[in-house]
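If you read the sequence shown in the UniProt record's numbering, its first letter stands for residue 1, the second for the next number, and so on.
Even glycine gets a Cβ: it sits at the ideal position worked out from N, Cα and C.
Bear in mind that the values here come from a model prediction, so they are computed numbers and not experimental data.
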Amino acid sequence: EDIKPYIDRIANGETSSILLAYRIIQLLLSTGTSGGQPKLIPMTAESFEKRMSDLLLSDLVTRKCFSGSDEGKSLYLYFIKPEMETPSGLKASFFTTFYFKTESFKNGLAKFCTSTIDTILCLDNKQSMFCQLLTGLLQRDEVVRFGSTFASVLARTIKFLEDYWRELCCNIRTGYLSDWIIDPGCKNAMSLILTRPNRELADSIQQICEDKSWEGIIVKLWPKIKYIHCIITGSMSQYVSLLEFYGGGIPLVSPIYNSSESSFGINLKPLSKPFDVSYTFLPNTAYFEFLPVGKDGEGKAQETWTDDEPVDLANVKLGRYYEVVVTTLAGLYRYTVGDVLKVTGFYNKSPQFQFVERRNVVLSIDVDKTTEEDLSKAIMKAKLILEPLGIMLTTYSSYADTSLTPGRYVLFWELKMKCSNDLPKLDAKIMEQCCCIVEESFDFTYKSHRKGGAISALELRVVKHGTFDELMDFYVSKGVSVAQYKPPSCLKSEEAVKILNSGMVGKFFSPKTMF
Ligand code: AMP
Numbered sequence: 001e002d003i004k005p006y007i008d009r010i011a012n013g014e015t016s017s018i019l020l021a022y023r024i025i026q027l028l029l030s031t032g033t034s035g036g037q038p039k040l041i042p043m044t045a046e047s048f049e050k051r052m053s054d055l056l057l058s059d060l061v062t063r064k065c066f067s068g069s070d071e072g073k074s075l076y077l078y079f080i081k082p083e084m085e086t087p088s089g090l091k092a093s094f095f096t097t098f099y100f101k102t103e104s105f106k107n108g109l110a111k112f113c114t115s116t117i118d119t120i121l122c123l124d125n126k127q128s129m130f131c132q133l134l135t136g137l138l139q140r141d142e143v144v145r146f147g148s149t150f151a152s153v154l155a156r157t158i159k160f161l162e163d164y165w166r167e168l169c170c171n172i173r174t175g176y177l178s179d180w181i182i183d184p185g186c187k188n189a190m191s192l193i194l195t196r197p198n199r200e201l202a203d204s205i206q207q208i209c210e211d212k213s214w215e216g217i218i219v220k221l222w223p224k225i226k227y228i229h230c231i232i233t234g235s236m237s238q239y240v241s242l243l244e245f246y247g248g249g250i251p252l253v254s255p256i257y258n259s260s261e262s263s264f265g266i267n268l269k270p271l272s273k274p275f276d277v278s279y280t281f282l283p284n285t286a287y288f289e290f291l292p293v294g295k296d297g298e299g300k301a302q303e304t305w306t307d308d309e310p311v312d313l314a315n316v317k318l319g320r321y322y323e324v325v326v327t328t329l330a331g332l333y334r335y336t337v338g339d340v341l342k343v344t345g346f347y348n349k350s351p352q353f354q355f356v357e358r359r360n361v362v363l364s365i366d367v368d369k370t371t372e373e374d375l376s377k378a379i380m381k382a383k384l385i386l387e388p389l390g391i392m393l394t395t396y397s398s399y400a401d402t403s404l405t406p407g408r409y410v411l412f413w414e415l416k417m418k419c420s421n422d423l424p425k426l427d428a429k430i431m432e433q434c435c436c437i438v439e440e441s442f443d444f445t446y447k448s449h450r451k452g453g454a455i456s457a458l459e460l461r462v463v464k465h466g467t468f469d470e471l472m473d474f475y476v477s478k479g480v481s482v483a484q485y486k487p488p489s490c491l492k493s494e495e496a497v498k499i500l501n502s503g504m505v506g507k508f509f510s511p512k513t514m515f
């Protein structure tokens with residue numbers, strides 16, 4: 001908030017020098033943690049260069065773990081969003097959009113991708129997705145990596161494949177591109193790749209996709225894939241089981257922890273299991289400080305922050321929780337990003353952190369505050385009883401329903417059968433048990449309010465497969481970029497709740513009283 005007026009003045013035409021010594025080359029739109037309006041974050045040529053070297057470093061570390069991964073191609077699904085022009089003439093865009101348009105991308109990473117630049121730069125995400133998948137399938141024997149920025153994009157890609165594989169096969173079989181692909185860039189690019197009918201390839205893809213179970217579909221379609229590459233920690237961890245299932249158990253590599261404001265750290269152990277991933281801070285990326293976050297006995301972030309002074313990078317303590325504060329090359333001074341991290345170790349003197357949660361993503365009724373981490377842990381426990389029944393939780397969200405007194409927390413779960421796309425048969429007793437496990441896993445404050453009657457029984461709404469895609473479409477229509485979309489663990493918008501309600505196929509409650 002202190003810096004915002006300066007950035008606004010620059011966006012309105014004043015010189016960058018009112019805030020920083022260097023020239024701003026672009027304003028970045030951050031989806032950040034506020035969940036609302038994107039913020040404008042300055043970027044300079046130097047800060048962009050630094051970011052590129054962090055990405056490169058992370059990529060090198062990952063490639064070192066997989067022999068022969070230099071040889072093939074990457075099926076990376078990338079998307080952009082239109083840029084905006086500010087009154088100063090400076091462009092404002094998402095970092096990913098800016099990056100995909102640079103020469104660094106064109107002459108670097110893009111050379112190893114199956115997707116051509118024109119399909120990535122297509123502003124219609126649906127046409128772009130179709131063409132990127134088509135080029136990926138046409139080159140299926142060369143693909144050694146499957147990935148994107150965040151796991152949410154890959155979850156979306158798999159759903160798209162489920163809906164469009166027949167049409168993709170038809171394009172490959174006939175050699176003709178579907179006529180709804182009208183974007184000139186896509187058409188042009190595809191005319192160079194989809195050059196002839198290929199019945200044999202179409203038949204083999206069809207045979208794989210016709211299988212009732214899609215377990216391991218990614219490695220079946222792209223047999224040389226060695227790993228899946230995307231951010232899978234924090235709010236993305238809800239997609240771990242989905243990607244493990246469709247990926248047939250190939251490693252999930254979560255390479256980097258960064259934001260529009262700054263890069264923070266890279267994963268030096270790419271083969272770590274998703275829930276064990278730590279990021280080693282890159283001390284020369286920005287000036288980092290850490291605000292100690294109080295945690296009570298149950299490991300829940302306290303509402304009031306400790307009065308402790310921020311500590312420097314070299315003075316954080318193992319096992320403690322901190323909120324990261326950053327001073328960047330591009331004009332941010334002691335800026336709190338809103339992410340809570342836990343120190344898990346050190347690499348030389350540089351600390352390694354596990355991502356814990358976004359600080360302001362909380363479910364709240366009265367004095368109870370259930371954080372993103374509390375919610376995720378509780379749901380991960382509860383979903384275990386669905387697994388033996390062949391039911392998969394593909395994604396979830398929640399909101400605090402205070403329209404009634406006392407209010408209650410409502411969970412939305414998208415469920416599907418592992419072996420098919422059929423709607424699972426929902427046994428009321430088991431679903432109620434899920435509600436109980438979630439409530440039991442919440443902290444002391446929640447349970448005492450629930451027992452005392454200040455919070456009503458938890459409600460679980462099951463929605464049909466694909467409902468969360470509509471939620472993503474909604475946020476994308478509001479300006480969020482697909483490439484930087486973070487699934488909202490806690491909904492604040494009534495419209496968003498409405499969208500999920502429209503896909504509801506069953507609702508269940510905890511028992512009225514908590515024993
Ligand atoms: P954006 O503003 O779109 O750049 O989003 C940045 C935010 O995404 C960060 O502040 C984090 O909350 C989240 N994020 C980025 N990288 C990771 C990661 N590796 N693990 C968990 N969350 C992440």
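Heavy atom of the ligand AMP within 7 angstroms of residue i beta-carbon
i	result
Phe355	yes
Gly234	yes
Arg358	yes
Gln484	yes
Ile266	no
Ser263	no
Thr395	no
Ile256	yes
Val337	yes
Thr327	no
Ser260	yes
Ser17	no
Secondary structure of residue i, DSSP reduced to three states
i	result
Arg334	coil
Thr285	coil
Leu460	strand
Phe442	coil
Ser254	coil
Phe508	strand
Asp2	coil
Ser30	strand
Gln354	strand
Phe290	strand
Arg320	coil
Met514	coil
Cys113	strand
Tyr409	strand
Gly265	strand
Gly453	coil
Val482	helix
Where the beta strand (DSSP E) through residue i begins and ends
i	result
Lys425	Looking at the DSSP string, Lys425 is not in any beta strand (DSSP E), and its letter there is neither H nor E.
Ser16	Careful: Ser16 lies outside any beta strand (DSSP E) and carries neither H nor E.
Lys91	Lys91 to Ser93
Ser148	Val143 to Phe150
Whether residue i touches residue j by CB criterion (8 angstroms)
i	j	result
Lys226	Phe66	yes
Ser263	Ser30	no
Val277	Phe290	no
Leu329	Ala286	yes
Phe444	Ala378	no
Ser58	Ile256	yes
Leu318	Ser350	no
Met52	Leu242	no
Cys131	Ile181	yes
Ser128	Phe79	yes
Ile205	Leu161	no
Glu46	Tyr76	no
Ser489	Ser364	no
Ser74	Arg145	yes
Ser237	Pro274	yes
Leu423	Lys464	yes
Pro270	Val61	yes
Segment limits, alpha helix (DSSP H) that includes residue i
i	result
Met129	Asn125 to Leu138
Ile120	Ile117 to Ile120
Asp401	Premise fails: Asp401 lies in the beta strand (DSSP E), Ile391 to Asp401, not in any alpha helix (DSSP H).
Asp469	Thr467 to Ser477
Ser104	Glu103 to Asn107
Gly247	Val240 to Gly247
Glu309	That residue, Glu309, is in no alpha helix (DSSP H); it is neither H nor E in DSSP.
Val497	Glu494 to Ser502
Item to check | Complete alpha helix (DSSP H) runs within the region 174-231 (minimum length 4 residues, chain order) | outcome: Counting only unbroken stretches of 4 or more residues, the alpha helix (DSSP H) elements lying wholly within the region 174-231 are 184-193, 199-210 and 217-221, in sequence order.
Checklist entry - In the region 41-94, which residue ranges form an unbroken beta strand (DSSP E) of at least 3 residues, counting only runs that do not cross its ends? => result 73-76 and 91-93
Checklist entry - Whole beta strand (DSSP E) runs in the region 352-388 with 3 or more residues, listed along the chain? => result 362-365 and 368-371
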